[in-house]
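Student: Numbering (our numbering), first residue to last: 21 to 160.
1) Counting Cβ pairs closer than 8 Å, one from the stretch 45–54 and one from the stretch 86–104, do we hit at least three?
2) Let me make sure I understand the geometry here. Which of 158, 38, 31 and 27 has the alpha-carbon closest to that of residue 104?
3) Can you tell me whether residue 110 is buried or exposed, with buried defined as 16 or more other CB within 10 angstroms of its CB?
4) Do residue 129 and residue 96 come within 8 Å of each other at the CB atom, strictly closer than that value?
5) Skipping 5 residues on each side, what residues in its chain have a beta carbon closer than 6 Å to that of residue 211?
6) Roughly how far, in whole angstroms, is the beta-carbon of residue 122 from the beta-carbon of residue 76, given that I think they are within contact range, below 8 Å?
7) Distance, Cα to Cα, residue 148 vs residue 64?
8) Which two residues bound the contiguous beta strand (DSSP E) that contains residue 122?
9) By alpha-carbon positions, which one of 30, 114 and 152 ends up nearest to residue 107?
10) Exposed or buried, residue 155, counting other C-beta atoms within 10 Å across all chains shown (16 or more means buried)?
11) May I ask which residues mark the beginning and end of the alpha helix (DSSP H) holding residue 91?
12) Can you find the residues in the same chain that come closer than 6 Å, C-beta to C-beta, to residue 53, ignoring five residues on each side of it along the sequence?
13) Give the DSSP bridge partners of residue 112, in chain order.
14) According to DSSP, what are the bridge partners of residue 148?
15) Residue 51 lies in the alpha helix (DSSP H); which residues open and close that run?
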């Protein structure tokens, strides 16, 4: 601080901190917390990261791929009954943004519903038939 500024405050520099009767003095940590940086943009960094996160668009299957998928879906009763392992690729919609991500699964299908058109995987994931892009059997 410059000498001139220091002179302006000379009368209060040596004073004791005021004490208010019936009010306990605040700890140093509590007093310092009052002057910590104000986080007006809480969550801003997360918002920027979320905006930068990329999602995939859902692929529309061609006629041949759709026929092959339907052929394997018709074999679901046998696949589930025999507990056969399968390879599966499905589209999972993003909860926050348009689009989603493709997931690959290797394992067994434990349940299916041909009326509501979904399958349930060993890990508990439920996948709609419409989200499946690839499904193949791996007979033992």
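Here a beta-carbon is modelled for each residue, glycine too, at the ideal position from N, C-alpha and C.
Tutor: So, from the data block:
1) no
2) 158
3) buried
4) yes
5) As shown, the chain starts at 21 and ends at 160. That puts residue 211 outside it, with no answer to give.
6) 6 Å
7) 35 Å
8) 120–133
9) 152
10) buried
11) 83–94
12) none
13) 121
14) 138
15) 48–53
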